[in-house]
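Chemist: Read in order, the letters of the sequence shown are residues 210 to 423 in my numbering.
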Amino acid sequence: MESENLNRRWHTKNCQVVFRESRQNQRNQGSGIVGILRIDGGFLKGRYIKFPDFKDVRPITSYIKKAVFDILGDIKGFYFADVFCGSGIFGIEAISRGAEKVIFVERSKTLCKSILENLVDLGIESRGEIFCTDAENFFQKNDRVFDVVFVDPPFRQKLSDHLMEKIAGSYKVLVIRRHKSTMAQDINLMNSFFGGASDKRIYSDSVIYFFFRS
210 MESENLNRRW HTKNCQVVFR ESRQNQRNQG SGIVGILRID GGFLKGRYIK
260 FPDFKDVRPI TSYIKKAVFD ILGDIKGFYF ADVFCGSGIF GIEAISRGAE
310 KVIFVERSKT LCKSILENLV DLGIESRGEI FCTDAENFFQ KNDRVFDVVF
360 VDPPFRQKLS DHLMEKIAGS YKVLVIRRHK STMAQDINLM NSFFGGASDK
410 RIYSDSVIYF FFRS
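#1: Give the list of continuous beta strand (DSSP E) stretches no shorter than 3 residues that lie fully inside the region 246–309.
#2: My understanding is that Ile-339 touches Ile-301, with C-beta atoms under 8 Å, so please give their C-beta distance in whole angstroms.
#3: Can you list, in chain order, the residues of its chain whose CB lies under 6 Å from that of Ser-240, leaving out five sequence neighbours each side?
#4: Among Ile-333, Asp-330 and Cys-341, which has the Cα closest to the Cα of Cys-321?
#5: One question on the structure: do Ser-407 and Phe-420 come within less than 8 Å of each other, judged by their Cβ atoms?
#6: Where DSSP assigns a beta bridge to Val-311, which residues make up the other side?
#7: Going by the beta-carbon positions, is the gap between Lys-274 and Ser-305 smaller than 8 Å?
#8: Out of Phe-260, Val-357, Gly-378 and Asn-397, state which residue places its alpha-carbon closest to the alpha-carbon of Leu-368.
#9: Consult DSSP for Asp-343 and reduce its assignment to one of helix, strand or coil.
#10: Could you tell me which residues DSSP puts in a beta bridge with Lys-367?
#11: Of the residues Gln-366, Val-292, Arg-256 and Ser-271, which one's Cα is nearest the Cα of Val-357?
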């Protein structure tokens, strides 16, 4: 495990990456940049970001991404948290579509660097902040209520009671992406913390759950 110092930060002119110590290992690292992802809406529509080769990185498809933002509607001025953000494409798309600020939460140092590089390349670094830590650690220290929290853990990773408990008070809208093979157990766990999903959509092997606070 690579130990991160809580007080260690990367800085650009307008963006910082905050490191926090994590009990979890880094994600399985690959060999380098292997692909690009397209921004599909907003003022950055048609621009691309690069993403590195990591075993557990499953970038959300353009089709699913568009469907999620269609359901969310107007997000101008919103504060987002993109949790298990991987490539960062969802949070970057949110900025492009009008989000005021996006907090990117990702425990991989390599992925955090990649997200920062993409924010700088796109000229939107002032609207993003990156926390290089695991999700439970982030929410344990977080006291903000976000307009939207998007949670996209690796499909093979079980949702934990501790994480769900920590997320429970942090959102106005919660969106969770999971694999449809774990739908029954995921629903049971999420219902115990958030009540029944306000909406649920299935796209190929992905299930997207929406929880809206009244």
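Even for Gly, the Cβ is constructed at its ideal location relative to N, Cα and C.
Modeler: Looking at the coordinates:
#1: 257–263 and 288–292
#2: Incorrect: roughly 12 Å between the Cβ atoms, too far for contact.
#3: The pLDDT assigned to Ser-240 is 47, lower than 50, so where the model puts this residue is not dependable; a value taken from the coordinates is nonetheless given after this. Taken in chain order, the residues that qualify are Asp-262.
#4: Cys-341
#5: yes
#6: Phe-289 and Gly-337
#7: no
#8: Asn-397
#9: coil
#10: Lys-367 is not bridged to any residue.
#11: Val-292
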